[in-house]
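First the structure, in the form of structure tokens, and then the observations on it.
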Amino acid sequence: MLTGQVGLVPKDGGWASGVVAWASRSNWTHVVIAISETECVSAEPGGARIRSNTYYPGTVWSRFPMRPSQRRRIVRYARSRLGTPYAWGDYWAVGIALMCNSWSPEWLRAVVANTDRLLCSQLVDLALQAGGIHVFHDYRPA
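Sequential numbering from 21 applies to the sequence shown in this note's numbering.
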């Protein structure tokens with residue numbers, strides 16, 4: 021069952037995808053969350069929106085074990101963020117936070133923790149957390 025799973029989207033040849041691939045040292049340059057067997061929520065410029073799962077060719081889907089209640093909470097959270105603006109400035113904040121590690125200044129922690137604007141990875145991470153799934157256990161400040 022795809023609902024609630026994470027989709028890793030490969031580099032597509034566009035300039036933004038190329039920058040993300042270079043900065044992250046990864047071939048995966050976008051991430052989405054499945055809200056059904058055929059649709060996903062994608063944080064992107066212009067606001068988070070629903071896309072067909074086929075909109076992103078080559079996507080690799082996670083296989084997290086989930087209960088139906090977790091899937092419902094993930095979908096509910098993802099849908100609640102539709103229209104949320106994209107967080108272009110957070111690329112800088114996340115980069116600084118990663119360089120600072122555990123001694124990030126409070127203002128930077130607040131920027132990274134703010135959910136008024138979201139990067140694709142932030143939206144997916146928050147949706148998974150709404151379902152009780154915690155993927156990251158590291159030194160991130162938020």
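Just so it is clear, CB atoms sit at the ideal spot from N, CA and C, and this is done for glycine as well.
On a predicted model such as this, the values are computed, not experimentally measured, just so you know.
Q: Out of Q142, A113 and T58, point me to the one whose CA is closest to R129's CA.
A: A113
Q) Span of the beta strand (DSSP E) holding S72? A) R69 to S72
Q) Could you give the residue range of the beta strand (DSSP E) that holds V61? A) E59 to S62
**Q.** Distance between beta carbons of L146 and V155, contact taken as under 8 angstroms
**A.** No, V155 and L146 are not in contact; Cβ-Cβ is about 11 angstroms, not under 8 angstroms.
(Q) On a Cα-Cα basis, can you pick out the residue from L139, G151 and T49 that is closest to Y106? (A) L139
**Q.** Through-space distance from A133 to R160, alpha-carbon basis
**A.** Because R160 carries a pLDDT of 49, less than 50, the predicted location of this residue cannot be relied on, and the following value inherits that uncertainty. The alpha-carbon atoms of R160 and A133 are separated by roughly 10 angstroms.
Q: Keeping to the same chain, check which residues put their C-beta closer than 7 angstroms to that of S72; ignore five residues upstream and five downstream.
A: T58 and E59
Q: Could you tell me which residues DSSP puts in a beta bridge with A54?
A: C60
Q. Which value, in whole angstroms, describes the spacing of the CA atoms of R101 and V144?
A. 10 angstroms
Q.
Please classify V95 as buried or exposed, where buried requires at least 16 neighbouring CB atoms within 10 angstroms.
A. buried
Q.
Please report the distance separating the alpha-carbon of T74 from that of S62.
A. 12 angstroms
Q. Any idea if G27 is buried or exposed, counting beta-carbon neighbours within 10 angstroms, 16 or more meaning buried?
A. buried
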